[in-house]
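Enquirer: Below is the structure I would like to discuss, written out as structure tokens.
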Amino acid sequence: GTRSGDIDPGIIGYISEKEGITAPRIISILNRKSGIFGITGKYTDRRDIVEAMKKGNKRAKLAFSIETYRIRKYIGAYMASLQTVDAIVFTAGAGEKSSELREASLNGLEKFGIKLDPKKNNKATSRNIESIISSDDSEIKVFVIPTDEEIVFTEDVVAILKGNYTGPHTYKYIFEYSSYRNKLREEAYKKERKVNE
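Residues in the sequence shown are numbered from 1 upward in steps of one, following my numbering.
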């Protein structure tokens with residue numbers, strides 16, 4: 001929530017000249033003090049932004065609106081580029097945990113065959129299980145899939161140490177096999193369900 005996202009590269013020179021700031025300092029600001037944090041002035045966690053919006057915070061509302069607009073814009077751009085889309089996946093912190101972000105990001109995309117099921121979306125809050133949140137009649141399915149960066153890092157290191165790492169585009173990770181199950185996540189999900197019953 002602190003990075004600027006896409007910007008015109010000319011902005012660095014413009015800000016440097018206009019504000020008398022060095023390029024390295026501008027790059028630091030663009031990476032550490034921009035994005036949602038830059039708009040709200042204090043928040044990086046989407047949960048805080050949603051809470052602030054509910055309390056009428058205009059900057060939080062603006063940050064949320066800009067972020068969901070950009071997500072819609074990217075979905076549209078990739079749909080046009082790919083020409084055929086089977087599914088949309090929400091992942092990582094905000095994509096996994098914020099039903100509000102997912103709903104707002106998909107709002108208005110029904111005419112493109114993307115229909116969200118609000119009940120499924122609101123229930124998809126676990127970081128331990130994959131969920132389908134599109135309606136049954138949605139032409140394009142929408143999923144929430146938890147990230148598993150740790151397993152990728154671990155497998156990369158092991159493969160490098162063994163000398164058989166072929167790169168991220170050709171190396172076959174354990175989770176790519178249909179028989180793969182993340183037993184730790186499955187156990188964590190079972191515990192979550194017991195708590196919520």
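Heads up, the beta-carbon is just placed ideally off N, CA and C, and yes, glycines get one too.
No experiment lies behind these values; they were computed from the predicted model shown.
1. Expressed to the nearest angstrom, what Euclidean distance is found between the alpha-carbon atoms of D48 and K162?
2. Can you pull the DSSP bridge partners for L116?
3. Please say whether F112 and E102 have beta carbons closer to each other than 9 Å?
4. Compute the Euclidean distance between the alpha carbons of T40 and A87, then round it to the nearest angstrom.
5. Can you find the residues in the same chain that come closer than 8 Å, C-beta to C-beta, to K141, ignoring five residues on each side of it along the sequence?
6. Around the C-beta of A94, are 16 or more other C-beta atoms found within 10 angstroms, so that it is buried, or is it exposed?
7. Looking at the structure shown, is A77 part of a helix, part of a strand, or coil, going by DSSP?
8. What residue from L109, A52, N122 has the CA that sits closest to F64's CA?
9. Return helix, strand or coil for K183, following the three-state DSSP convention.
10. Using the three-state DSSP reduction, which class does A60 fall into: helix, strand or coil?
11. Note down the Cα distance separating S16 from P24, rounded to an integer number of angstroms.
12. Please identify the residue among G20, G10, R46, G5 whose C-alpha is closest to the C-alpha of K33.
13. With distances taken Cα to Cα, identify the nearest neighbour of N122 among S105, K97, T2, G20.
14. By the three-class DSSP mapping on this structure, what secondary structure does V89 have?
15. What are the residues that DSSP puts in a beta bridge with V144?
Expert: Considering the structure as presented:
1. Locating residue 48 in the sequence shown gives position 48, where the first residue counts as 1. Locating residue 162 in the sequence shown gives position 162, where the first residue counts as 1. Here the C-alpha atom of D48 lies approximately 44 Å from the C-alpha atom of K162.
2. Here residue 116 refers to the residue found at position 116 of the sequence shown. Paired residues: S134.
3. Within the sequence shown, the letter at position 102 stands for residue 102. Within the sequence shown, the letter at position 112 stands for residue 112. Per the sequence shown, residue 102 should be read as Arg rather than Glu. No. Outside cutoff.
4. By 1-based counting over the sequence shown, the position of residue 40 is 40. By 1-based counting over the sequence shown, the position of residue 87 is 87. A direct Cα-to-Cα measurement between T40 and A87 gives close to 32 Å.
5. Residue mapping note: residue 141 aligns to position 141 of the sequence shown, counting from 1. Within its own chain, the residues whose Cβ lies closer than 8 Å to the Cβ of K141, once the five positions on either side in sequence are excluded, are D86, A87, I88, I132, S134, listed in chain order.
6. Residue mapping note: residue 94 aligns to position 94 of the sequence shown, counting from 1. Buried is the call here.
7. Sequence index remark: in the sequence shown, residue 77 carries index 77 (1-based). The answer is helix: DSSP assigns A77 an H, G or I state.
8. Here residue 64 corresponds to residue number 64 of the sequence shown, with the count starting at 1. In terms of CA proximity to F64, A52 leads the group L109, A52, N122.
9. Here residue 183 refers to the residue found at position 183 of the sequence shown. Correct three-state label for K183: helix.
10. Counting from one through the sequence shown, the residue named residue 60 turns up at place 60. Looking at A60 - three-state DSSP - the assignment turns out to be helix.
11. Looking up residue 16 in the sequence shown gives position 16. Looking up residue 24 in the sequence shown gives position 24. Note on geometry: alpha-carbon atoms of S16 and P24 lie some 10 Å from one another.
12. Here residue 33 corresponds to residue number 33 of the sequence shown, with the count starting at 1. Selected option, being the one with the closest Cα: G5.
13. Residue mapping note: residue 122 aligns to position 122 of the sequence shown, counting from 1. Ranked by Cα distance from N122, the first of S105, K97, T2, G20 is K97.
14. The count along the sequence shown starts at 1 and reaches residue 89 at position 89. Taken through DSSP and simplified to helix, strand or coil, V89 comes out as strand.
15. As a working note, residue 144 is residue 144 in the sequence shown. F90, S131, per the DSSP bridge assignment.
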